[in-house]
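Numbering-wise (this note's numbering), the sequence shown opens with residue 1449 and increments by one. Written out below as structure tokens is the structure these notes cover.
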Amino acid sequence: MIVATGVEIVDVPRFERLLERYGERLRLRVFTAGERAYAARKTPRGAAQSLAVRLAAKLAARRALGARGLALREVEVVRASGAAPSLQFHAGAAERARTAGVTRAALTLTHDPFCCIGLVVLEGEP
């Protein structure tokens, strides 16, 4: 059963300007070490798109969880070799998911040079 959904769009050029302005401070505040390492293996343009689409996923998950005050680092986009990206919840996000009865989080991501979209569907028993 679908418990909740969330969708978010991130403007890539705007996100790139934020990265230029806040740099490592933004990366450390929003992204986990694994997400930063994944992006670091890409070209600068590819890294920005990778982080932007992960931000869209995090914001979509936070919206689905109904937890506006949740730290974005508590939601992580992970990708096993050869597998589609998926979500892992940590700390407060994990507690919120348990409380909401979430047993599975489905994630879909798409991006182009201008726009990224993250869609999260939370399934479980409310």
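We treat Cβ as the ideally placed atom computed from N, Cα and C, and that holds for glycine.
For residue i and residue j, what's the separation of their Cα atoms in angstroms?
i, j, result
"Arg-1484", "Arg-1475", "7 Å"
"Cys-1530", "Arg-1489", "Correcting the residue type first, residue 1530 is Gly in the shown sequence and not Cys. Rounded to the nearest angstrom, the two C-alpha atoms are 16 Å apart."
"Ala-1548", "Ile-1450", "11 Å"
"Leu-1513", "Leu-1507", "10 Å"
"Leu-1570", "Arg-1521", "18 Å"
With a 10 Å radius around its C-beta and 16 neighbouring C-beta atoms as the bar for buried, classify residue i as buried or exposed.
i, result
"Ala-1452", "buried"
"Ala-1551", "Note that residue 1551 is Thr in the sequence shown here, rather than Ala. Looking at its Cβ environment, which holds fewer than 16 other Cβ atoms inside 10 Å, Thr-1551 is exposed."
"Gly-1517", "exposed"
"Arg-1546", "exposed"
"Thr-1491", "exposed"
"Gly-1454", "buried"
"Ala-1487", "buried"
Per DSSP, what kind of secondary structure is residue i in: helix, strand or coil?
i, result
"Ser-1534", "strand"
"Glu-1464", "helix"
"Arg-1489", "coil"
"Ala-1548", "coil"
"Leu-1570", "strand"
"Gly-1471", "helix"
"Ala-1580", "The displayed coordinates of the chain run from 1449 to 1574. Any statement about residue 1580 would go beyond what the structure contains."
"Ala-1553", "strand"
Tell me residue i's beta-bridge partners as DSSP assigns them.
i, result
"Thr-1558", "Ile-1565"
"Gly-1540", "In the DSSP output, where bridge partners are listed per residue, Gly-1540 has none listed."
"Val-1455", "Leu-1567"
Next on the checklist: For the structure I just gave you, are there three or more beta carbon pairs, one from the segment 1456 to 1463 and one from the segment 1557 to 1573, closer than 8 Å?
Outcome noted: yes
Next on the checklist: Within 8 Å, do at least three Cβ pairs link the segment 1561 to 1574 to the segment 1495 to 1509?
Outcome noted: yes
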